[in-house]
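When we follow my numbering, the leftmost residue of the sequence shown carries the number 61, and every step to the right adds one.
Idealized CB from N, CA, C, for every residue including glycine.
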Amino acid sequence: MADLATLTAELVDAAWRAGLEPEPQLTVTEWADKHRVLPGTNAEPGRWRTARVPYLGEIMDCLSTASPVERVVLMKGAQTGGTEAGLNAIGYWIAHAPGLILAVWPSIDMVRRNSRTRIDPLIDGTPALKQKIAPARAKDPGNTVGLKEFPGGALVMTGANSATGLRSTPARYLVLDEVDAFPADADGEGDPVALAVQRTVTFRGRRKVFLISTPTEAGLSRIEKAYAESDRRRFFVPCPHCAAYQVLVWRGVTWPEREPGRAFYACEACGGIIEEADKPALLARGEWRATAAGDGRTAGFHLSALYSPFESWAEIAADFLASKEDPARLKAWTNLKLGEPFEDRDDSAIEAAGFLSRLEEWGEGLPGGVAVLTAGVDVQGDRLELEIVGWGAGEESWSLEYSVLWGNPAEPEVWRALDAELLRTFGHLLAGALPIRAVAIDSGGHHTQTVYRFARDRGARRVWAIKGRAGPGLPVWPRRPPKPKDRAKLMAPFIVGVDAAKEVVTNRLRLTGEGPGYCHFPAGRDLDYFRQLGAERLIKSWRRGVPVREWRKDPGVRNEALDCRVYAYAALQGLGAIGIRIGDRPSPPGAPVPVRTSPGLGQETGRLITSRWMGG
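Right under this line is the structure:
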């Protein structure tokens, strides 16, 4: 009996002493390797292995509670695992060092999407987290799309466009994902990054702030600025031949002429060939080195896709060759593959007179490269302006016709004339009669409901009412169809990101060689048309201390031609959104047909068209 009492006392004493001991000091990397499970939707589901992406180890460990670093900046390319590093940190904080976590994405819509596709799988697939968070129930406010409560804290998720979500409860941990897509201003209350960081001030010395993003424009990129303020770490890897440590840069990627599939890396020290198969060994022996002094509290990391184990140098080289002649695609390639901000060295106005020397005669029928037709319509107070554009491989374009249809848009006559124009077909020697596949009509201004009615009645022909919206980060075409907020309304317009569309259009107007993105114009266009095409340009300005670029129109110059081209391009992107892609060229169905037909265009409506720039 005495032995049993002694044993019991020893067990109680051991349990009491164990309760007094501090928790083991895990790093984020150690926690992730032990507990994190990647969901089945991941490209490589199963147990997390930092050894697969060894460059993430130091980044994650700077987010551990034992690290003196308070602010971590990751300027990255695609397919590098940066978002997974952020998820590992969130999981570590929930399980090992609980506190209030604030996660911010560019918009509320992205919060909803990431909560379902990233946060829920993180919790459900990791037992160490699932046991701490109650299952989602209709009457349980502790597990919702925007909130996940756990013992000792909560994960709050909000959009950078919501000032309310950025200025409430103080947070010890802060994750800002894709900061370059954040709006310049949150509901008129200032920079959303500054608002979010302000919430961590009371935890100074113990806080963790993680900024993640692919960069965008040089001089405007938030992540570029944050990285410049850090110690600017780069990942150095050793050459397998001479052991010289170096940063992987684009100039080192080489391939035999016309064979990007055989791309390799040439050592900058000895010139030795480093094959793709050598990459895992390079990464395993790599190390981060600071290239600037920094402030001791901010660690900055730059990581390009050249390091990615999920994307080969051959794939990156092939993407470069496909993008190098198209400024819009080259910008995306620079951002996504090199993880570098893109510097546009030509923001000058487009010289209209230069187009007159490159006008073309392409004879009867459509040019051979045309595969699909779209149209853009601009609505003015006394007329409609219309451009019909042919598109080919690589979005090479041919301006087929530009028409001005005079008439009051409040009256039906001018809309009948427009309908007749949109019903026309154009003869192609290979494909026969090509119709206009999609139309985008501006619904802003004083004739919104008229545009809605016109588009609604022709929805089967893909006649779409659109509304342009300026601002960084907005896609040219929305990711999902719009829904009317008010049932009394006829419809909701498709929101077109006009800034992105104008950038693509104006960059392509500067191309001088035929091929992807090049813009062809027919003989007969005059100088005024090209002045309108180049009527706007990007101007850098400052808004609440944040640099922004905005489109400004040259005074005294009309811009309807630019608007029509932007809308025609948006219509092309709308086709892509529903799965209709541009092929290399149309397939021949049979005998050629007449060049143009105009069903329904009678003498009465024909008189409404008093000016037309035509091709042919």
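Original post:
Which same chain residues, not among the five before or five after residue 225, have their C-beta less than 7 Å away from its C-beta?
Top reply: For residue 225, same chain residues with a beta-carbon under 7 Å away, outside a window of 5 residues either side, are 218, 219 in chain order.
Original post:
Got a sec, what are the start and stop residues for the beta strand (DSSP E) residue 208 sits in?
Top reply: Residues 207-210.
Subject >> Cross-strand partners of residue 543 (DSSP beta bridge) >> reply: Answer is none; residue 543 lacks a bridge partner.
Original post:
Taking just the CA atoms, how far does residue 492 sit from residue 511?
Top reply: Cα to Cα, the separation comes out at about 31 Å.
**OP:** Could you tell me if residue 616 is buried or exposed, where buried requires 16 or more neighbouring beta carbons within 10 angstroms of its beta carbon?
**Re:** A residue is called buried once 16 or more other Cβ atoms fall within 10 Å of its Cβ, and residue 616, having fewer, is exposed.
Original post:
Leaving out the 5 sequence neighbours to the left and right, which residues in its chain are closer than 8 Å to residue 207 when beta-carbon positions are compared?
Top reply: Beyond the five residues adjoining it in sequence on each side, residue 207 comes within less than 8 Å, by CB distance, of 201, 214, 215, 216, 217 in the same chain, given in chain order.
Subject >> Beta-carbon spacing of residue 231, residue 168 below 8 Å >> reply: Taking 8 Å as the Cβ cut-off, residue 231 and residue 168 do not qualify as a contacting pair.
Subject >> Cβ neighbours of residue 504 in the same chain (closer than 6 Å, five flanking residues each side left out) >> reply: Result list for residue 504: 527, in chain order.
Subject >> DSSP state of residue 558 mapped onto helix, strand, coil >> reply: Helix at residue 558.
**OP:** Please name the residue in 180, 265, 397 whose C-alpha comes closest to that of residue 273.
**Re:** The option with the nearest alpha carbon to residue 273 is 397.
Original post:
Pairing CB atoms from the segment 106-118 with CB atoms from the segment 372-391, are three or more of them under 8 Å?
Top reply: These segments do not touch.
**OP:** Give the DSSP-derived three-state secondary structure of residue 397 in the structure shown.
**Re:** Here DSSP, grouped into helix, strand and coil, assigns residue 397 to helix.
Subject >> C-alpha distance - residue 121 paired with residue 87, whole-angstrom precision >> reply: Their Cα atoms are separated by approximately 6 Å.
Subject >> For residue 386, the nearest candidate out of 568, 192, 638, 625 (CA to CA) >> reply: Distance from the Cα of residue 386 is smallest, within the candidate group 568, 192, 638, 625, for 568.
Original post:
Rounded to a whole number of angstroms, what is the C-alpha to C-alpha distance between residue 243 and residue 623?
Top reply: Cα-Cα distance, rounded: 24 Å.
**OP:** Give every residue of the same chain whose Cβ lies closer than 6 Å to the Cβ of residue 713, excluding the five residues on either side of it in the sequence, and list them in chain order.
**Re:** This structure leaves residue 713 out entirely; the chain is present only between 61 and 676.
**OP:** Ignore the nearest five residues each way along the sequence and tell me which others in residue 381's own chain have a CB closer than 7 Å to its CB.
**Re:** Around residue 381: 320.
Original post:
Nearest to residue 267 by CA position, among 445, 575, 483, 233, is which residue?
Top reply: Between residue 267 and the set 445, 575, 483, 233, the nearest pair of CA atoms involves 233.
Subject >> Classification of residue 416 by the beta-carbon crowding that lies within 10 angstroms, buried from 16 upward >> reply: The residue in question, residue 416, is exposed, as its Cβ has fewer than 16 Cβ neighbours within 10 Å.
Original post:
Considering only C-alpha positions, which residue in the set 265, 612, 400, 562 is nearest to residue 628?
Top reply: Per the Cα distances, 562.
Original post:
Exposed or buried, residue 468, counting other C-beta atoms within 10 Å across all chains shown (16 or more means buried)?
Top reply: That one is exposed.
Subject >> Chain-order list of residues whose beta-carbon lies under 7 Å from that of residue 488 (same chain, five-residue window excluded) >> reply: Excluding five sequence positions before and after residue 488, the CB atoms of its chain that fall closer than 7 Å to its own CB belong to 425, 426, 430, 494, 646, given in chain order.
**OP:** Indicate the three-state DSSP secondary structure (helix, strand or coil) for residue 263 in the structure shown.
**Re:** Helix.
Original post:
What's the gap between the Cα of residue 540 and the Cα of residue 316?
Top reply: For residue 540 and residue 316, the distance between alpha carbons rounds to 42 Å.
Original post:
Anyone know if the C-beta pair for residue 325 and residue 313 falls short of 8 Å?
Top reply: In this structure, residue 313 lies closer than 8 Å to residue 325 by Cβ.
Original post:
To which residues of the same chain is residue 271 closer than 6 Å at the C-beta, ignoring the five residues directly before and after it?
Top reply: Hits under 6 Å: 133, 236, 239, 286.
**OP:** With a threshold of 16 other CB atoms inside 10 Å of the CB of residue 174, please say whether the residue is buried or exposed.
**Re:** In this structure residue 174 is buried. Its beta-carbon is surrounded by 16 or more other beta-carbon atoms within 10 angstroms.
Original post:
For residue 299, which beta-bridge partners are listed by DSSP?
Top reply: Answer by DSSP bridge pairing: none, since residue 299 is not bridged.
Original post:
Can you tell me where the alpha helix (DSSP H) with residue 282 in it begins and where it stops?
Top reply: Per DSSP, residue 282 belongs to the alpha helix (DSSP H) from 282-288.
Subject >> Assumed close pair residue 129, residue 357 - CB separation to whole angstroms, cut-off 8 Å >> reply: Residue 357 and residue 129 do touch by the CB rule: their CB atoms are close to 6 Å apart, below 8 Å.
Subject >> CB of residue 361 within 8 Å of CB of residue 638, strictly >> reply: No, these two residues do not count as a Cβ contact at 8 Å.
**OP:** Compare the beta carbon distance of residue 395 and residue 276 with 8 Å and say whether it is the shorter of the two.
**Re:** It is a contact, given that the beta carbons lie within the stated cut-off.
Original post:
Rounded to a whole number of angstroms, what is the C-alpha to C-alpha distance between residue 522 and residue 222?
Top reply: Between residue 522 and residue 222, the C-alpha separation is close to 34 Å.
Subject >> residue 258, DSSP secondary structure in three states >> reply: Note: residue 258 maps to helix in three-state DSSP.
Subject >> Exposed unless 16 or more other CB atoms sit within 10 angstroms - verdict on residue 193 >> reply: Under this definition residue 193 is a buried residue.
Subject >> Three or more C-beta pairs below 8 Å linking the segment 242-259 and the segment 171-190 >> reply: The segment 242-259 is not in contact with the segment 171-190.
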